[in-house]
Amino acid sequence: MDCDAFYASVEKRDNPDLRDKPVIIGGGDRGVVSTACYIARIRGVRSAMPAFQARKLCPDGVFLPPRMEAYATVSRQVRTMMDELTPKVEPLSLDEAFMDLAGTERLHGVPPAVMLARLVKRMKDELGITGSIGLSHNKYLAKVASDLDKPRGYSIIGKGETADFLAGKPVRLIWGIGPAGQQSLEKAGVRTFDDLLRWEKEDLVARFGSMGERLYHLARGEDYRRVSANDPVKSISKETTLSKDSSNIDLLDGHLWRLSEQVADRAKAKNYAGRVVTLKLKRANFSALTRRVTLPGATQLSDRIYRTSRALFDQVVDEGPFRLIGVGISDLVSAEGADQFADLLDPDAGQREKVERASDAIRARFGKDAIRKGRSLN
Amino acid sequence: MKLSIERAALLKAVSQAQSVVERRNTIPILANVLIEAEGDIASFRATDLDIEVVDKTVAQVERAGATTVSAVTLHEIVRKLPDGALVTLTEDPAAGRITVEAGRSNFSLATLPREDFPVMATSEYSANFSAKAPDLRRLFDKAKFAISTEETRYYLNGVYMHIADGEEGKVLRCVATDGHRLARIDAEMPADALEMPGVIVPRKTVGELRKLLDDDDMQIAVSVSETKVRFATPDITLTSKVIDGTFPDYTRVIPQGNTRKMEVDASDFAKAVDRVATVSSERSRAVKLALDEDRLVLSVNAPDSGAAEEELAVAYGDERLEIGFNAKYLLEIANQVDRENAVFLFNSAGDPTLMREGNDTSAIYVVMPMRV
């Protein structure tokens, strides 16, 4: 199930005046569109498009900042409805989820196709939002089906029709194959599923590595991944688009610190620590730049995340000006056993950790802004 | 160019060359070895632009000349030839080929012109001295395990070779650290080395240098400038850029006031650490050392997989102490000890620990504890 223009639908529901206007959710002067309603999409506005471009395409658009809390509330309500159908619900984001309905027919007395039709009707009647359904025999085809006739779509790809359905379709249909993957497939002469079917499994593995085996199965409409109710978190990251392209080191350093602190806050709240620290930058011309480093042990400290990402930043500082900066941790483990390693060459680190833990305690008690690093004011 | 050379001599020269060339290079000529024949000498030169190695060997030169050919392919061929074979290399410049003949085997390989081969610029060295191969071997062998691989601290990606004040005067010293452990190894200062600038010798150079140091009687000619270092035997010359950075002030890191002394048989200790660490599958396995009067209990507690404990007899007379370390780091420093007992000097569970061999202060190791 995939909600249609979810953020925009929630906004329109809460403010009926917006109903017939192009509504675009996303960041201020800069930043990117996170959702565009279908009226705005007719004008060519797409999610992930820079806001200035959206403004050019759609000058009369209503641009709204996201109200994440409102969306999360609706998302939880939808989730509750899905939970009534099956215990196996795997959310992909606030507005999208996989459901495994195998074996639920006897419980509900109707086949999955009917259950899903009832689900979207309930969402419309009780929550005032619409969604599209893709029903199939595995995750990847269900995802493909849900995109087939949005909005308010309802598509079924049965086992018997799978081969016919995929015949002649371009491989970019495969979820997770972006422009780069598409290019490397094209280099190998693979454009459509028919091209892919001509390859032996061994050859695909030799050429594309671990992805090769997956491609072999996807070409045949096979996907053995399970719908897992609680997929573990793989990474924690935060990024921000600057209000103006910048190569000002002090300014970017301030962002690095605040982002590191946000990542650390989240890691601490979830009791996670990460071994890999990633710095993500986007240059003024939108080209991306990513640097990562593996630490000797996992961390959840903002001080360590900040210092590591700052060292990564120092390697690429000349590549500016930048329009976006982001920090993340991955290769997550439980926080027990994190931050046990100390650095001979940084004897003050232990002291800084104590300071951080103490200010965390103060912030927990008196609020997030009760105590801040001067560095965060940059 | 045409020359004949004994297989063993050729293998030695090209194996050094093929280990220097960068495997994933994008400049084709850098995958090649430059072969030059002149008089009765054949020289084999390879570079990755940071390191250059030249191996000179006696050959029957029929026709002088020079060309370049893939170092890896030539090495593979020579490696597979029978021992004792005489190998003939014949260049055919018109066809852009070189033939490799030995007995009934015949190979033809593509060449690239020698003019395209980058030769490292010669430079002025501010210090030239001669060092004994076993001394250099000890300096680098005992330090290299502590070299960092962290790219963000590139100045730790090598061994810092410099002249320092030892307890009995000036010494030639090598230091390496990755922030978790540190090795400081001293050797007698060679004559004429006093003016040598301190340089950070990159990890790869340390690996290549090692191949020059196997012969106990060999004297190595060492030349050092601010930007380059050169090690030479009569046959082989290894020239390398040094890491352009400042090595941190390691002297602050070496604990001076550690008084709690434990003496233990290094090999027994290493084996015990290795055994107890088996139960934990984590990448950074922590081993706890609990010390009491002449008794050491090593233990590992991995909640998910199991627990292990082992007791060792040691010489220890101080207060009770519990301290944790990364098992791998403990093993590595214990493995550096080859003659006497390992002597550990502790302070508290949060402070760096010092290890040396007996009372020998010419090789000391520092390791940072872990919280356990």
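Read top to bottom, the protein sequences are chains X and D.
Residue numbering for the first sequence follows my numbering, beginning at 1011 and increasing consecutively.
Residue numbering for the second sequence follows my numbering, beginning at -2 and increasing consecutively.
A virtual CB, placed ideally from N, CA and C, is assigned to each residue, including glycine.
Buried versus exposed, by CB contacts within 10 Å (16 or more), residue i
i: X/M1078; result: exposed
i: X/E1329; result: exposed
i: X/L961; result: Nothing can be reported for residue 961 of chain X: it is not among the residues displayed for chain X, which extend from 1011 to 1388.
i: D/N338; result: buried
i: X/R1367; result: exposed
i: D/F343; result: buried
i: X/T1096; result: buried
i: D/V55; result: exposed
i: D/L31; result: buried
i: D/I24; result: exposed
i: X/Q1361; result: exposed
i: D/T234; result: buried
i: X/K1169; result: exposed
i: D/E148; result: exposed
i: X/V1121; result: Note on identity: in this sequence residue 1121 of chain X is Pro, with Val being the wrong assignment. X/P1121 is exposed by the Cβ-count criterion.
i: X/K1153; result: buried
i: D/E354; result: buried
i: X/R1208; result: exposed
i: D/Q253; result: exposed
Contact with chain X by residue i, beta-carbon distance below 9 Å
i: D/L318; result: no
i: D/F245; result: It is worth fixing the name first, because residue 245 of chain D is Pro in this sequence and not Phe. Yes - at least one Cβ of chain X is within 9 Å of the one on D/P245.
i: D/L179; result: yes
i: D/M352; result: no
i: D/A161; result: no
i: D/R150; result: yes
i: D/R249; result: yes
i: D/G321; result: yes
i: D/E49; result: no
Check whether residue i and residue j have beta carbons under 9 Å apart
i: X/V1076; j: X/Y1017; result: According to the sequence shown, residue 1076 of chain X is Pro rather than Val. A contact, by the Cβ cut-off of 9 Å.
i: X/L1354; j: X/K1292; result: no
i: D/K139; j: D/G204; result: no
i: D/T236; j: D/R249; result: no
i: D/G155; j: D/A173; result: yes
i: D/A283; j: X/Q1350; result: yes
i: D/I7; j: D/V66; result: Correcting the residue type first, residue 7 of chain D is Leu in the shown sequence and not Ile. No; because the gap between Cβ atoms is not below 9 Å, this pair is not in contact.
i: X/S1146; j: X/G1163; result: no
i: D/S102; j: D/L78; result: yes
i: X/S1412; j: X/T1288; result: Summary: the structure shown does not reach residue 1412 of chain X, with chain X confined to residues 1011 through 1388, and so no result is reported for it.
i: X/T1309; j: X/A1283; result: yes
i: D/L286; j: D/R257; result: no
i: D/Y151; j: D/K225; result: no
i: X/V1286; j: X/S1369; result: no
is_contact[residue i, chain D] using C-beta, thresh 9 Å
i: X/V1326; result: no
i: X/A1112; result: no
i: X/G1360; result: yes
i: X/L1102; result: no
i: X/E1346; result: yes
i: X/T1318; result: yes
i: X/D1356; result: yes
i: X/V1337; result: no
i: X/L1311; result: no
i: X/A1321; result: yes
i: X/P1097; result: no
i: X/V1286; result: no
Assumed close pair residue i, residue j - CB separation to whole angstroms, cut-off 8 Å
i: X/I1139; j: X/V1020; result: 6 Å
i: D/D175; j: D/L153; result: 6 Å
i: X/V1337; j: X/K1248; result: 6 Å
i: D/I330; j: D/R170; result: Not really, about 18 Å apart at Cβ, beyond 8 Å.
i: D/V364; j: D/T350; result: 5 Å
i: D/S127; j: D/Q13; result: Actually they do not touch by this definition, with Cβ atoms about 21 Å apart.
i: D/P194; j: D/V221; result: 6 Å
i: X/L1261; j: X/R1320; result: Actually they do not touch by this definition, with Cβ atoms about 13 Å apart.
i: X/F1332; j: X/S1256; result: 6 Å
i: X/P1026; j: X/C1068; result: The Cβ separation is near 20 Å, so there is no contact.
i: X/F1073; j: X/I1034; result: 5 Å
Chain B contact residues for residue i, given Cβ-Cβ distances below 9 Å
i: X/A1352; result: Structure shown: chain B not included; protein chains present are X and D.
Please give me, in chain order, every unbroken run of the beta strand (DSSP E) with length at least 3 that falls completely inside the segment 90 to 157 of chain D.
Within the segment 90 to 157 of chain D, the complete beta strand (DSSP E) runs of at least 3 residues are 94 to 99, 102 to 109, 124 to 129.
Please list the segments of the beta strand (DSSP E) lying wholly inside the segment 1061 to 1108 of chain X, counting only runs of 3 or more residues, in order along the chain.
1072 to 1074, 1099 to 1103, all fully within the segment 1061 to 1108 of chain X.
Which runs of the alpha helix (DSSP H) at least 4 residues long sit entirely within the segment 1161 to 1189 of chain X? Give them in chain order.
Runs found: 1172 to 1176.
Uninterrupted beta strand (DSSP E) stretches inside the segment 254 to 290 of chain D (no shorter than 3 residues):
Listed in chain order, they are 257 to 261, 283 to 289.
Runs of alpha helix (DSSP H) lying entirely within the segment 186 to 239 of chain D, each at least 4 residues, in chain order
Along the length of the segment 186 to 239 of chain D, whole alpha helix (DSSP H) runs at least 4 residues long occupy 200 to 207, reported in chain order.
Can you check the segment 38 to 97 of chain D for any beta strand (DSSP E) of at least 3 residues that lies completely inside it and give the ranges in chain order?
Taking only runs of at least 3 residues, the beta strand (DSSP E) segments lying wholly in the segment 38 to 97 of chain D are 38 to 44, 48 to 55, 57 to 60, 62 to 67, 83 to 89.
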